[in-house]
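Q: Residues in the sequence shown are numbered consecutively from 189, following the working numbering.
Virtual Cβ for every residue (Gly too), placed ideally from N, Cα, C.
Note that the structure is predicted; figures quoted are calculated from it, not measured.
Okay, handing you the structure first.
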Amino acid sequence: MKKKGLSPVIASVMMIMLVLVLAAMIFLWARGFISEQIEKFDKPIGDVCAEINFDAVLVGDNELEIINRGNVGIRSFDIKLIKGGTSEVAKFDFGGPQIDPGQAVKKQVTLLMDDNTEPDRIIIYPALLGSVRGKNANRPFTCVDAGKAI
189 MKKKGLSPVI ASVMMIMLVL VLAAMIFLWA RGFISEQIEK FDKPIGDVCA EINFDAVLVG
249 DNELEIINRG NVGIRSFDIK LIKGGTSEVA KFDFGGPQID PGQAVKKQVT LLMDDNTEPD
309 RIIIYPALLG SVRGKNANRP FTCVDAGKAI
């Protein structure tokens, strides 16, 4: 008598392997939706963004002065240039590790769109450096709720 099918043991093993492969695929897919938890001072960095207080002033045509009036050091800034329906974002790195509370920085900056026209609006967003939870790594985080128009 010749058997023409799978034994129940082999079929069960194949079903378990299929479930494990599908679970791994779903886990890898869903992991892309969960962002890394970035912390500063042992709390979520979004909460620290609420403590940021700074003033930004254009001095002349191309010099930007930033004063940190809060109690959190600011790592850098993202400058959003807006003209009509177009916007561009540029990094503003002031050359030091951060602007400590109470410090001021003044630096030359080009505030022109890529086509060398002046923007209608300029918004400056502070960026903090936080540590990634569970990893020995630091990541910058832009505080979009703390932006100021100049």
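Return yes when the Cβ of F265 is within less than 7 Å of the Cβ of P314, no when it is not.
A: yes
Q: Cα-Cα, which of R219, I255, R263, A211 is closest to K228?
A: R263
Q: Take the Cβ of M290 as the centre, count every other Cβ of all protein chains shown within 10 Å, and call the residue buried at 16 or more, exposed below.
A: The sequence shown places Gly at residue 290, rather than the Met named in the question. So G290 ends up on the exposed side.
Q: Rounded to whole angstroms, what is the Cα-Cα separation between V247 and V293?
A: 12 Å
Q: Residues in its own chain within less than 8 Å of Q225 by CB, not counting five upstream and five downstream?
A: P232, V320, R321, G322
Q: Going by DSSP in three states, P307 sits in which element: helix, strand or coil?
A: In the structure shown, P307 sits in coil (DSSP, three-state: anything other than H, G, I, E or B).
Q: So what does R321 bridge to, in DSSP terms?
A: Note: R321 sits in no beta bridge, so no partner.
Q: Could you check how far apart the C-beta atoms of N250 and V297 are, in whole angstroms? I think they sit under 8 Å.
A: 6 Å
Q: Along the beta strand (DSSP E) that carries L246, what are the first and last residues, could you check?
A: Going by DSSP, L246 is part of the beta strand (DSSP E) stretching over 242-247.
Q: When the Cα of D243 is compared with those of T274, T330, I214, E253, which residue comes out closest?
A: E253
Q: Quick one: give me the first and last residue of the beta strand (DSSP E) that S200 is part of.
A: Not the beta strand (DSSP E): S200 falls in the alpha helix (DSSP H), residues 196-219.
Q: What's the C-alpha gap between N241 and W217?
A: 38 Å
Q: Beta carbon of D303, beta carbon of I270: below 7 Å?
A: no
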